[in-house]
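*Asks:*
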Amino acid sequence: MTKPLDGQVLTSALDTLVKRPLNQADDAALVSAAKAVWYSNSDLEGELVAFLSCHTDEVEVRRAGYLLERFTRFTCVSDLRVSETLNALELVAHWTCGQPVTPRTVTPLRRRRDELAVSWGLSEGLGLKAQILMPFQTRHYEAEQRAMFS
Numbered sequence: 058m059t060k061p062l063d064g065q066v067l068t069s070a071l072d073t074l075v076k077r078p079l080n081q082a083d084d085a086a087l088v089s090a091a092k093a094v095w096y097s098n099s100d101l102e103g104e105l106v107a108f109l110s111c112h113t114d115e116v117e118v119r120r121a122g123y124l125l126e127r128f129t130r131f132t133c134v135s136d137l138r139v140s141e142t143l144n145a146l147e148l149v150a151h152w153t154c155g156q157p158v159t160p161r162t163v164t165p166l167r168r169r170r171d172e173l174a175v176s177w178g179l180s181e182g183l184g185l186k187a188q189i190l191m192p193f194q195t196r197h198y199e200a201e202q203r204a205m206f207s
């Protein structure tokens, strides 16, 4: 059995993830960040404040915002945690203060970008990296994690 996630796991994972394009994300850091959002009781706002205090690069901050919002779109996350995450993301929105990028033309399916990434002003998304998270959102795994963190 794995030990429960403690404070700053999300901050540490985001530190690793935002340094490279998202489609080249470190698998272990991606899983750690997702599990911290989905299953831990960590203070997301506090962790995001810690993250923002160390990151001045706007692309890195946008990547973090994208990832956190993307994690809220998986079915295993509770409504309460989605609400907490979206509230924490307001910090990122205030920090970036930039206008989201909107696609100008319709692009062929094979070249279409992740619309959530575009809304965060990014030209990259997780792409196929999201498949790495699939084993960690099954009902069985979710039940084990919820029991561990309850």
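All residue numbers for the sequence shown refer to our numbering, where the first residue is 58 and numbers rise by one. Idealized CB from N, CA, C, for every residue including glycine.
Helix, strand or coil for V81? Go by DSSP, reduced to three states.
*Replies:* Residue 81 is actually Gln in this sequence, not Val. Helix.
*Asks:* Taking the alpha helix (DSSP H) that H151 belongs to, which residues open and close that run?
*Replies:* Counting along the chain, the alpha helix (DSSP H) containing H151 begins and ends at D136 to T153.
*Asks:* Could you give the residue range of the alpha helix (DSSP H) that holds E104?
*Replies:* Counting along the chain, the alpha helix (DSSP H) containing E104 begins and ends at L101 to C111.
*Asks:* Using a Cβ-Cβ cutoff of less than 8 Å, which residues in the same chain neighbour D84 once the five nearest sequence positions on both sides are dropped?
*Replies:* Excluding sequence neighbours, D84 sits near K186 and I189.
*Asks:* Residues in the same chain with beta-carbon distance under 6 Å from A91, minus the five sequence neighbours each way, listed in chain order, please.
*Replies:* Answer for A91: F128 and L190, listed in chain order.
*Asks:* Does the Cβ of S99 have 16 or more other Cβ atoms within 10 Å, making it buried, or fewer, making it exposed?
*Replies:* Buried.
*Asks:* Can you give the Cα-Cα distance for Q65 and E104, rounded to whole angstroms?
*Replies:* Roughly 6 Å separates the two Cα atoms.
*Asks:* Quick check on the burial criterion: 16 or more other C-beta atoms within 10 angstroms. Buried or exposed for P157?
*Replies:* Reliability of the predicted coordinates at P157 is poor, the pLDDT of 46 falling under 50, and the value obtained from them is presented with this limitation in mind. Label assigned to P157: exposed.
*Asks:* Using beta-carbon positions only, say whether L123 and G182 come within less than 9 Å of one another.
*Replies:* One detail in the question is off: residue 123 reads as Tyr in this sequence, not Leu. Yes. Within cutoff.
*Asks:* With 16 other CB atoms within 10 Å as the buried threshold, where does Q81 fall?
*Replies:* Per the 10 Å Cβ criterion, exposed.
*Asks:* Can you tell which of L143, E201 and L87 has the C-alpha that lies nearest to the C-alpha of G184?
*Replies:* That would be L87, whose Cα lies nearest to the Cα of G184.
*Asks:* Buried or exposed: where does E141 fall if 16 or more other Cβ atoms within 10 Å of its Cβ makes it buried?
*Replies:* Buried: at least 16 other Cβ atoms inside 10 Å.
*Asks:* What residue from L148, D171, V94 and E147 has the CA that sits closest to Q194's CA?
*Replies:* It is V94.
*Asks:* Any idea if L12 is buried or exposed, counting beta-carbon neighbours within 10 angstroms, 16 or more meaning buried?
*Replies:* Because residue 12 is not part of the residues shown, which for the chain are 58 to 207, the question remains open.
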